[in-house]
Amino acid sequence: MGPRYVWVNFDVDIISIGKTAFARLEPERQLIRWLRFERADLAKFFVGDYLRLERFDSLRGMQVVDEFMGNGPTGHWRSLWDILNWPCPREKITFIHPHTGEERPPPTFILFSVPVTDQLRSLEINDAHSIEAFAASLTDAARNQTTMASAAGATPPSASPSPLPLPTLQRIDASAPPAFVKPVKRINEGPDVARFLASLAYRDIGVFILQLNRALCPRLPEDAPAPTSSSSSTSAAGTSTSTSRPAAARVFPLVPDSPTSVPSIRALQTLLADINALVAQAPPDPGPRRFGNVSFRTWHALVEERLDGLLRAGLLGEALDVSGGAARDEVGSYLLGAFGSPQRLDYGTGHELSFVAFVGCLWKLGFFQDGNSEDGAIEREIVLNVIEPYLRVVRKLILTYNLEPAGSHGVWGLDDHAFVPYIFGSAQLTRPVRASSADPMPLEGSVPGAPKPSDVTNRAVVDDQRRSNMYFSAVGFINDVKTGPFWEHSPILFDVSGIRDGWGKINKGMIKMFNAEVLSKFPVVQHFPFGSLFSWDLDPDAAAPQQSVHMANQPMASAAASGNAPMPPPPPTTGTAAPWAQATRMPPASAPGIPYTRTNPPGPRSGTLGMRPPPGNKPDPSSTAAQITVTKAPWARDA
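full-length UniProt numbering puts the first residue of the sequence shown at 1, with every later residue one more than the last.
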């Protein structure tokens, strides 16, 4: 088959072979990342941030970000080189920007090539010394080849174009607005999720989440050297270590009730305050209840009744007075869907997604153009002064009306009700990037002085940090409503707290998990409506979603309606499987994302019990209960 070609990225600082990683092998910082073996006789090398093997990428946007692992301080397009004669011609090899998904032509020449198979057979791959020696030999080959290429007149890496600006959600042309329509339901059964993953709406949601996420990353001065993972990463002991004195980073904490000078942000704060005030007009019913307080329907009806007036007031009304008010109807549907379901008396990540879409609609309409667009300032205002106040309103609704989790995995979910505070809260604590730069989002490390990930299990630290950080604020709410050991009622968050690579690694994993557990799950996205701003139309640049175990087990509306929905076969394992074991898009623990780093504390763990509806009561086919199995927590009691 000929030699296998190896890529060298001059900025990668971890070598990963199969499932084994060797850190800090630094032959002059010219290091190699080994991603995986496809077969015993074929080693594939996958380095840098801008390569995609299409068969590993069924989606786009943030899914792509997580597939890429080479995030060095200058790990841009200039450090990648072409490969010829790829040994698997049936696979298409493309260079792709991790945020925009835009393809780029390959660089001009091969850096070097070696017969990889013969080299691998002569190595003990679990021997770090052998790996380091092999890396050093490849480094020497790279240096020699670079010298030869420069002598031949090839373009040196430093002369390559600088990276493109990071993408943002595109605003509509005010002179030619789209034909606004009232959003309608399009996801009616499981296979429709695959169609959603190739839609313009999915692309826009991903771009907007990443745009907001990066705005919260701590910043260094523009003239500061690019930070390395060793300068501000969290060590195994949980403390920040540094090989040099880093420049002071600017962080972006929560400042509750702080005034804002941006009129558009003030308008949305007023909107949320008016919605929050309606709770006093719909006090909870004092009677016995188990699955939510029926007075929530009264509150929701009040919001629906006054929605048009709320959207006509002040600056918000001016922005939505487009096409004879048609924009108001479209945007209002997302706002109304952001506060839970009055039919099911529940709230979950699908409703949270609706609020993100509401804010995204306003962005597309140019509502936030009165804010400072430099270096993500207006995006930070949106997250810290709009999304966080929205979450506070929602938490009040949950406590007041005892709202059930919607589409929850029970004890095996990240959180019963929310997801975005874990994304944005971890972004607040990541390793800093240079201000006004196109540096990619750090994939590991923490800002100096950040709390340790393991501090989420310490109530005193959580109570202190929840005032300034969205991640700890969400954990604090869990502590408010749940009792018992943290590892028992929140095992996923407990596992995450054991990650030793810092908040950057957690942020990366949260984005991947959001894509898999929110955007790719039928019970969550089935109620998301589509209009002109978040369109059901196909994204022309989207790759076709691939079949997966999760997709094959998506529920069918016809089966749910008949009450004869087939159950997936039990997994071939012993013990009690997680309820989502057969229907998840999450990768195994060895894949990129959030690994399970904690071991269970001592003591027995009881199994999970499926909850069944009372005799004679059949779940509504459109409800979550018709599509997923509700899992009873081990400590739950029957009412």
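A virtual CB, placed ideally from N, CA and C, is assigned to each residue, including glycine. These numbers were taken from a predicted model, which means no experiment stands behind them.
Using three-state DSSP, classify residue i as helix, strand or coil.
| i | result |
| --- | --- |
| residue 404 | strand |
| residue 614 | Caution applies to residue 614, whose pLDDT of 43 falls short of 50 and renders its modelled position unreliable; the value that the coordinates give is listed next. Correct three-state label for residue 614: coil. |
| residue 286 | coil |
| residue 454 | helix |
| residue 389 | helix |
| residue 171 | coil |
| residue 417 | coil |
| residue 431 | coil |
| residue 529 | strand |
| residue 395 | helix |
| residue 75 | With a pLDDT of 32 at residue 75, under the threshold of 50, the predicted position of this residue should be treated as unreliable, though the coordinate-derived value follows. Reduced to three states, the DSSP call for residue 75 is coil. |
| residue 341 | strand |
| residue 365 | coil |
| residue 220 | strand |
| residue 538 | strand |
| residue 322 | coil |
| residue 438 | coil |
Thinking C-alpha only, which one of the options is nearest residue i?
| i | options | result |
| --- | --- | --- |
| residue 495 | 466, 413, 187 | 413 |
| residue 222 | 433, 273, 337 | 433 |
| residue 218 | 416, 377, 267 | 377 |
| residue 169 | 212, 307, 526, 273 | 212 |
| residue 278 | 383, 348, 305 | 305 |
| residue 262 | 373, 342, 208 | 373 |
| residue 540 | 275, 196, 298 | 196 |
| residue 446 | 392, 185, 431, 482 | 431 |
| residue 281 | 190, 174, 298 | 298 |
| residue 405 | 347, 394, 396 | 347 |
| residue 467 | 256, 193, 174, 441 | 256 |
| residue 396 | 481, 286, 512 | 481 |
| residue 642 | 476, 530, 352, 173 | This structure does not reach residue 642, given that the chain is present from 1 up to 639, and the question cannot be answered. |
| residue 268 | 355, 192, 202 | 355 |
| residue 341 | 510, 398, 491 | 398 |
| residue 517 | 193, 276, 438 | 193 |
| residue 529 | 501, 388, 201 | 201 |
| residue 259 | 174, 389, 497 | 389 |
| residue 441 | 172, 210, 248, 204 | 210 |
So residue i is in the beta strand (DSSP E); what residue range does that whole segment cover?
| i | result |
| --- | --- |
| residue 509 | That residue, residue 509, is in no beta strand (DSSP E); its alpha helix (DSSP H) goes 503 to 514. |
| residue 346 | 346 to 348 |
Could you tell me the boundaries of the alpha helix (DSSP H) in which residue i lies?
| i | result |
| --- | --- |
| residue 463 | 459 to 465 |
| residue 305 | 295 to 312 |
| residue 209 | 200 to 215 |
| residue 188 | Unbroken run through residue 188: none, as it is neither H nor E. |
| residue 266 | 263 to 277 |
| residue 489 | 486 to 489 |
| residue 448 | No alpha helix (DSSP H) contains residue 448, which DSSP labels as neither H nor E. |
| residue 479 | 470 to 481 |
| residue 333 | 326 to 336 |
| residue 517 | First-last for residue 517: undefined, no H or E at that position. |
| residue 196 | 192 to 196 |
| residue 250 | From DSSP, residue 250 is part of no alpha helix (DSSP H); its letter is neither H nor E. |
| residue 645 | The chain is shown from 1 up to 639; residue 645 falls before or after that span and cannot be answered. |
By Cβ distance below 6 Å, which residues in the same chain neighbour residue i in space, the five residues on each side in sequence not counted?
| i | result |
| --- | --- |
| residue 357 | 334, 534 |
| residue 325 | none |
| residue 651 | This structure cannot settle anything about residue 651, because the visible part of the chain is limited to 1 through 639. |
| residue 642 | Residue coverage of the chain in this structure runs from 1 to 639, which leaves residue 642 outside it and unanswerable. |
| residue 180 | 323, 326, 327, 330, 532 |
| residue 375 | 435, 436 |
Can you tell me whether residue i sits near the ligand ADP, meaning its C-beta is under 6 Å from at least one heavy atom of the ligand?
| i | result |
| --- | --- |
| residue 334 | Inclusion of the ligand ADP in the displayed structure is not the case, the ligand content being empty and no account of it being possible. |
Excluding the 5 residues flanking residue i on each side, which residues of the same chain have their C-beta closer than 8 Å to its C-beta?
| i | result |
| --- | --- |
| residue 331 | 311, 320, 358, 361, 362, 365, 533 |
| residue 386 | 265, 268, 269, 272, 359 |
Can you name, in chain order, every residue of its own chain whose Cβ lies under 7 Å from the Cβ of residue i, other than the five neighbours on each side?
| i | result |
| --- | --- |
| residue 471 | 421, 422, 425, 426 |
| residue 284 | 293, 295, 400, 401 |
| residue 264 | 315, 367, 368, 370, 371 |
| residue 474 | 415, 418, 421, 422, 425 |
| residue 451 | 461, 465 |
| residue 216 | 252, 380, 383, 424, 427, 428 |
| residue 538 | 198, 199 |
| residue 313 | none |
| residue 249 | 218, 219, 220, 432, 447, 448 |
| residue 479 | 459, 462 |
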